[in-house]
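One structure is given below, encoded as structure tokens.
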Amino acid sequence: MSSPPIGVLALQGDVREHLRLLTSLGVEAVAVRRPSELDAVAGLVIPGGESTTMIRLARIFDLIEPLRARIKEGMPAFGTCAGMILLADRVLDGIEGQETLGGLDITVRRNAFGRQVDSFEEDIHLAGLDEPVHAVFIRAPWVESAGEDVEVLATVEEGPAAGRIVAVRQGPLMATSFHPEVGGGSRIHRMFVDLVAQHTST
Ligand code: GLN
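Each number in our numbering comes from the position in the sequence shown (counting from 1) with 21 added on.
Below is the structure:
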């Protein structure tokens, strides 16, 4: 029996790369723009982009409440960069009244790495992976603080931001500050595919 597809929230951002990577792992991957499309997926990637724009578009497309409901029911979701912000329960340096979908018991700081180092790349170690991953950060958030049920998967290893949390998992939800879809490799997507399988098998 074929398993249900994994969706990529396709309001804005790096949608195509995520779809391509998931497909390369032998998974059926579909773009999600409507509540009916959301209903059909077993898990959802929320890509990078601009969190304020994405939440605004989610409102326009009548997706906010359906997304919140699925997350609450335990749908696995993987947020990258702006997607991490959308999954966070709390946001620092957001725009006035910035809403999120929530689910992850974390406080994220938007554009946390500052203007000088808006974008940078670093090889970092991720819990559960033997070899480091090449992490590409683009105006990225970091996790300022995390609740006790949140597992820290990776921190920055060098420079002034060393020690800052940049990858987390809590039950069926995971998030990275960086963009695994442009770093090369598919190991982090594989982790998410495994997470989806783990949470959809009975
Ligand atoms: N700075 C963006 C935001 O606040 C995130 C950047 C990204 O996703 N590459 O939403």
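Ideal Cβ positions, reconstructed from N, Cα and C, are used throughout, including at glycine. Treat the numbers as computed from the prediction; the structure is a model and nothing was measured.
A156 and A188 have their C-alpha atoms some 10 Å from each other.
Not one heavy atom of the ligand GLN falls within 7 Å of the beta-carbon of R54. A contact is defined here as three or more CB-CB pairs under 8 Å, and the segment 142 to 157 meets this definition with respect to the segment 172 to 180. Judged by their CB atoms, E120 and I76 are nearer to each other than the 8 Å cut-off. Looking at the DSSP output, I159 sits in a beta bridge with S140. In the DSSP assignment, L125 falls within the beta strand (DSSP E) that extends over L125 to R130. R211: member of the alpha helix (DSSP H) spanning R208 to T221, first to last residue. By DSSP's assignment, A182 forms no beta bridge with any residue.
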